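Step one of this worksheet: look at the structure below.
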Amino acid sequence: MTKKERVISAVKGEPVDRIPFSFWYHFRWLDFPSGEPLAKEELNFYKTFDPDFLKVMHDIPFELPQDISRIEKSEDWYKLDILDENSQNFKVQLLALEIITKNLPDDGFVIDTIFSTFAYAEKLTGKRTLEHLKENPKALHYGLEMISRSLVNFINAAKKTGLSGIYMALQGANRDIMDDAEYRQHFMPYDIIIWESARDCNFNILHLHGNELMFDIVNIFNPEVVTWSNRLTPPSLEEARKLYSGCIAAGLNEEAIINYSPKDVRREVLKTIVEAGAKKLIVTPGCAVPGETSKENLFAIRDTLEEIK
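So the sequence shown is numbered by our numbering: it starts at 597 and just counts up by one.
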């Protein structure tokens, strides 16, 4: 099977020649985490580890107007405007995607990371989003709309590069951050807009980030693939199978893998298959693994899956 065939079959719950896998890490050693430097690192990563799909990192910040470096006051949200593909930070990320998709074999999916509105708001405010929500909800909602509409513009432009889909990192749908009603009322509508703009793509993943997850919202977003840090926060793989009928991408402890041996990795891969079942499964970490993780540990993921196919 080609990688695309393998992934599509796994998503649909159809037979595969082996269970697909992927993993990713941040290229923190880059002075500039986008454009040509990012593309070069991603292509080297793909050549080295040969994952079944490539999740591109998107670590360049959301672009603010030139006269501000942070959203300090809630009124500052009104300074935001809708960004398009010509904004500088979007442009360099699109360049990275163009280089990657043109130089990658056609048999694998390439997806870009898209953060949720709350995640971007936290970065722009220095984690004062909920404070702004209490002070001036109208201003915050204006800002969230600008973020969501900007990201939709980016996604639409990214599709033209040959991108296969998105990995949407959903932050804020966490009960240790806010209650369900707050997320559903103030943030989820904008996140849904972003998510739906990629619905026509070939391969999308919804990532629930953090702890105390509002896992029940998965069935509102209705993704074909969902991922979360199952080794670090509920639900377990067995519990998730009862709550969600689609494909699961999970199984590996992204925090512990740096201290594992290859045998430990093998045990965790096998444990994942026992807990989740072999159908509708992609073996991945719950989030990015440390960039310092040994190659031997990372190679052990594929080696184990090849061994048992």
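Glycine included, each C-beta is placed from N, C-alpha and C at the ideal position. The model shown is predicted, which means the values in this text are computed figures rather than measured ones.
Continuous alpha helix (DSSP H) stretch holding residue i: start and end
i: M764; result: Taken as a continuous stretch (DSSP letters only), M764 belongs to no alpha helix (DSSP H), being part of the beta strand (DSSP E) at G761 to L766.
i: G631; result: G631 to F645
i: L897; result: Correcting the residue type first, residue 897 is Ile in the shown sequence and not Leu. K891 to I904 is the extent of the alpha helix (DSSP H) around I897.
i: K730; result: T725 to E731
i: K608; result: K599 to K608
Option nearest residue i by Cα separation, candidates the options
i: L660; options: S746, I904 and H654; result: S746
i: A872; options: V603, I844, R898 and L894; result: I844
i: A896; options: C883, L720 and P858; result: P858
i: I710; options: V652, W673 and E694; result: V652
i: E834; options: V870, H803 and I853; result: V870
i: F645; options: R862, I604, E902 and K891; result: K891
i: L650; options: F705, E601 and V821; result: F705
i: I878; options: Y763, D703, S744 and V821; result: V821
i: K905; options: K608, V607 and F617; result: F617
i: P733; options: Q781, P647, L848 and F619; result: Q781
i: A715; options: I707, D708 and T725; result: T725
i: E632; options: I854, D708 and E694; result: E694
i: D703; options: S760, D627, F817 and L736; result: S760
i: T713; options: V748, I696, I707 and T697; result: V748
i: Y763; options: T721, D663 and W824; result: W824
i: A593; options: V861, R771, T880 and A606; result: An answer regarding residue 593 cannot be provided, because it is not within the stretch 597 to 905 covered by the chain.
i: H654; options: A874, F628, L894 and G739; result: F628
i: I743; options: K719, G758 and E727; result: K719
i: F811; options: Q662, G722, E902 and K838; result: K838
Segment limits, beta strand (DSSP E) that includes residue i
i: I801; result: I801 to L804
i: V858; result: Residue 858 is actually Pro in this sequence, not Val. First-last for P858: P858 to A872, but that is the alpha helix (DSSP H), not the beta strand (DSSP E).
i: I878; result: L877 to P881
i: V948; result: The question about residue 948 has no answer here: the residues shown for the chain are numbered 597 through 905.
Residue i, buried or exposed, once every other Cβ within 10 Å from all chains shown has been counted against 16
i: N815; result: exposed
i: D787; result: buried
i: A769; result: buried
i: K599; result: buried
i: K730; result: exposed
i: R624; result: exposed
i: P701; result: exposed
i: M841; result: The question names Met, yet the displayed sequence has Ser at residue 841. That one is exposed.
i: P657; result: exposed
i: E911; result: With the chain covering only 597 through 905, there is no way to say anything about residue 911.
i: R666; result: exposed
i: I678; result: exposed
i: D648; result: buried
i: N640; result: exposed
i: N849; result: buried
Residue i beta carbon near the ligand MG (any heavy atom closer than 8 Å)
i: H803; result: Ligands displayed in this structure: none; no statement on the ligand MG is therefore possible.
Cutoff 9 Å: residue i Cβ touching any chain C Cβ
i: L766; result: Absence of chain C from the displayed structure is noted, only one protein chain being present.
Count the CB pairs spanning the region 865-872 and the region 629-640 that are closer than 8 Å, and state whether there are at least three.
-> no
Start-end ranges of the beta strand (DSSP E) lying completely within the region 681-722, minimum 3 residues | 705-711
Examine the Cβ distances between the region 827-846 and the region 799-815 and report whether three or more of them are shorter than 8 Å.
-> yes
Secondary structure, alpha helix (DSSP H): runs of 4+ residues fully inside the region 776-852 = Entirely contained in the region 776-852, the alpha helix (DSSP H) runs reaching 4 residues are, in chain order, 784-792, 814-817 and 833-839.
Report yes or no: do the region 670-677 and the region 610-621 share at least 3 C-beta pairs separated by less than 8 Å?
-> no
When the Cβ atoms of the region 690-697 are set against those of the region 744-762, are three or more pairs found closer than 8 Å?
-> yes
Using 8 Å as the threshold, is the region 790-805 in touch with the region 679-688, meaning 3 or more CB pairs across them?
-> The region 790-805 makes no contact with the region 679-688, as fewer than three CB pairs between them are under 8 Å.
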